[in-house]
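*Asks:* One structure, pasted below without further comment.
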Ligand code: 2HA
Ligand code: ZN
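Written out as structure tokens, the structure reads:
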């Protein structure tokens, strides 16, 4: 048995929240993060859990997440203060056996509830758990400046948006060969945005919410962070290119495919 605060996944989660904040991706209470905890980790820490709290409705049904535990940031909590006060900033929530309710079993000691985007996080975990045979465990939502800025000027479709980003560095297609999904501005925390994002997650590991931010999923902290920082760096290059008058040259589709073939990656050719 060990304490929640000593668990490796917990410390990686808190450090990631802190890093995202220091990069300017999570102003005030902007952004949120959730991690599906493994059975082995739960076995180590569950002596600290309390099951006294009431069940609450999730708002969506996630049958394949029944009885799973999630570490998740709290609604209205600031990323900036999470590392200093994790027990008041994040919680561990258990999903009930029907996949329709959750219960806080650890954390948010002064009250509160999981992020307003919890339905979106859970629906996306549900999709990715199925597709990746349980490999994906982390879902992260951030508000990076350059990516958001581009959503005001780039075409609002997956193909054009992805290609504009892929064009910026050969690494982009290698890091997210399935591409990027883009959604229009939708009501934050709504069931509609949860469903629309989950639909995109059937194809993509990264979805851009127009005029809002990025949602991404992956196996662990470094892979999700790696995708988001690559999208945001490419976005920063593109903002500079547009500011200098726009592209004069661009890679060909063949050049983008060639890099992926070099690394045996299954690039989404429908976006080229
Ligand atoms: O305030 O980022 O999308 C948290 C959010 C909502
Ligand atoms: Zn947001």
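Numbering (the working numbering), first residue to last: 1078 to 1349.
Even for Gly, the Cβ is constructed at its ideal location relative to N, Cα and C.
Under 8 angstroms between the Cβ atoms of residue 1205 and residue 1294?
*Replies:* On the chain shown, position 128 is the one that residue 1205 refers to. On the chain shown, position 217 is the one that residue 1294 refers to. The answer is yes: Cβ separation under 8 angstroms.
*Asks:* Leaving out five residues before and five after residue 1121 in sequence, what residues of the same chain have Cβ atoms less than 7 angstroms from its Cβ?
*Replies:* The residue labelled residue 1121 in the question sits at position 44 within the chain shown. Cβ neighbours of residue 1121 beyond the five flanking positions: 1078, 1079 and 1084.
*Asks:* Regarding residue 1218 and the ligand ZN, is the C-beta to nearest heavy atom distance less than 7 angstroms?
*Replies:* Position 141 of the chain shown holds residue 1218. Yes, the beta carbon of residue 1218 sits closer than 7 angstroms to at least one heavy atom of the ligand ZN.
*Asks:* By Cβ distance below 6 angstroms, which residues in the same chain neighbour residue 1124 in space, the five residues on each side in sequence not counted?
*Replies:* Position 47 of the chain shown, counted from the start, is the residue given in the question as residue 1124. Only 1078 meet the Cβ criterion.
*Asks:* For residue 1071, count neighbouring Cβ atoms within 10 angstroms of its own Cβ and tell me buried if that reaches 16, exposed if not.
*Replies:* No answer is possible for residue 1071: the residues shown for the chain start at 1078 and end at 1349.
*Asks:* So, residue 1163 versus residue 1114, is the Cβ gap smaller than 8 angstroms?
*Replies:* Working through the chain shown from its first residue, we reach residue 1163 at position 86. Working through the chain shown from its first residue, we reach residue 1114 at position 37. No, the Cβ-Cβ distance between residue 1163 and residue 1114 is not below 8 angstroms.
*Asks:* Could you give the C-beta distance for residue 1150 and residue 1270, rounded to a whole number, given that I count them as a contact under 8 angstroms?
*Replies:* As a first step, residue 1150 must be located in the chain shown, where it is residue number 73. As a first step, residue 1270 must be located in the chain shown, where it is residue number 193. Actually they do not touch by this definition, with Cβ atoms about 17 angstroms apart.
*Asks:* Suppose the cutoff is 7 angstroms on Cβ atoms and the five residues either side in sequence are ignored; what does the same chain contact list for residue 1213 look like?
*Replies:* The residue you call residue 1213 lines up with position 136 of the chain shown. Correct list, in chain order: 1205, 1206, 1294, 1295 and 1296.
*Asks:* Classify residue 1113 as helix, strand or coil using the three-state DSSP reduction.
*Replies:* Taking the first residue of the chain shown as position 1, residue 1113 is located at position 36. In the structure shown, residue 1113 sits in a strand (DSSP, three-state: E or B).
*Asks:* Which residue marks the beginning of the alpha helix (DSSP H) containing residue 1200, and which one marks its end?
*Replies:* Taking the chain shown and counting its residues from 1, one reaches residue 1200 at position 123. Start and end: 1195-1208.
*Asks:* Going by CA-CA distance only, name the one from 1188, 1228 and 1315 that's closest to residue 1287.
*Replies:* The residue labelled residue 1287 in the question sits at position 210 within the chain shown. The shortest Cα separation from residue 1287 among 1188, 1228 and 1315 belongs to 1228.
*Asks:* Sort 1155, 1099 and 1087 by Cα distance to residue 1221 and report the nearest one.
*Replies:* Counting from 1 along the chain shown, the entry for residue 1221 is found at position 144. Residue 1099 is the option with its Cα nearest to residue 1221.
*Asks:* For residue 1216 versus residue 1172, is the C-beta spacing smaller than 8 angstroms?
*Replies:* The sequence position of residue 1216 within the chain shown is 139, counting from 1. The sequence position of residue 1172 within the chain shown is 95, counting from 1. Against a cut-off of 8 angstroms, the Cβ pair of residue 1172 and residue 1216 comes out as no contact.
*Asks:* Nearest to residue 1165 by CA position, among 1185, 1147 and 1146, is which residue?
*Replies:* The residue labelled residue 1165 in the question sits at position 88 within the chain shown. It is 1185.
*Asks:* Report the partner residues of residue 1220 according to the DSSP bridge assignment.
*Replies:* Against the chain shown, residue 1220 aligns to sequence position 143. Answer is none; residue 1220 lacks a bridge partner.
*Asks:* Look at the alpha carbon of residue 1112 and the alpha carbon of residue 1169, and state the distance between them as a whole number of angstroms.
*Replies:* To locate residue 1112, count along the chain shown from 1; it is residue 35. To locate residue 1169, count along the chain shown from 1; it is residue 92. Going from the Cα of residue 1112 to the Cα of residue 1169 covers about 9 angstroms.
*Asks:* Given the structure, does residue 1193 come close to the ligand 2HA, in the sense that its CB is under 7 angstroms from one of the ligand's heavy atoms?
*Replies:* Locating residue 1193 in the chain shown gives position 116, counting from the first residue. Indeed, a heavy atom of the ligand 2HA lies less than 7 angstroms from the Cβ.
*Asks:* If you measure between the beta carbons of residue 1315 and residue 1334, is that distance less than 8 angstroms?
*Replies:* The residue you call residue 1315 lines up with position 238 of the chain shown. The residue you call residue 1334 lines up with position 257 of the chain shown. Contact: no.
*Asks:* Using 8 angstroms as the threshold, is the C-beta distance between residue 1312 and residue 1192 below it?
*Replies:* Here residue 1312 refers to the residue found at position 235 of the chain shown. Here residue 1192 refers to the residue found at position 115 of the chain shown. No, the pair does not count as a contact, with Cβ atoms beyond the cut-off.
*Asks:* Could you name the residues of the same chain whose beta carbon sits closer than 7 angstroms to that of residue 1157, not counting the 5 residues immediately before and after it, in chain order?
*Replies:* Translated into positions along the chain shown, residue 1157 becomes position 80. So the list reads 1098, once near-sequence residues are dropped.
*Asks:* With a threshold of 6 angstroms on Cβ separation, who are the neighbours of residue 1232 within its own chain once the five nearest residues in sequence on each side are excluded?
*Replies:* Here residue 1232 corresponds to residue number 155 of the chain shown, with the count starting at 1. Nothing meets the Cβ criterion.
*Asks:* Have a look at residue 1245 and residue 1257 and give me their C-alpha separation to the nearest angstrom.
*Replies:* As a first step, residue 1245 must be located in the chain shown, where it is residue number 168. As a first step, residue 1257 must be located in the chain shown, where it is residue number 180. Computed Cα separation, rounded: 14 angstroms.
*Asks:* Going by the DSSP bridge assignment, what does residue 1133 pair with across the sheet?
*Replies:* Looking up residue 1133 in the chain shown gives position 56. Paired residue(s): 1179.
*Asks:* How about residue 1260 and residue 1273: do their beta carbons lie closer than 8 angstroms?
*Replies:* Position 183 of the chain shown, counted from the first residue, corresponds to residue 1260. Position 196 of the chain shown, counted from the first residue, corresponds to residue 1273. Their beta carbons are under 8 angstroms apart, which means residue 1260 touches residue 1273 by this criterion.
*Asks:* Look at the alpha carbon of residue 1133 and the alpha carbon of residue 1127, and state the distance between them as a whole number of angstroms.
*Replies:* Along the chain shown, read from residue 1 onward, the residue named residue 1133 stands at position 56. Along the chain shown, read from residue 1 onward, the residue named residue 1127 stands at position 50. Approximately 15 angstroms, taken between the alpha carbons.
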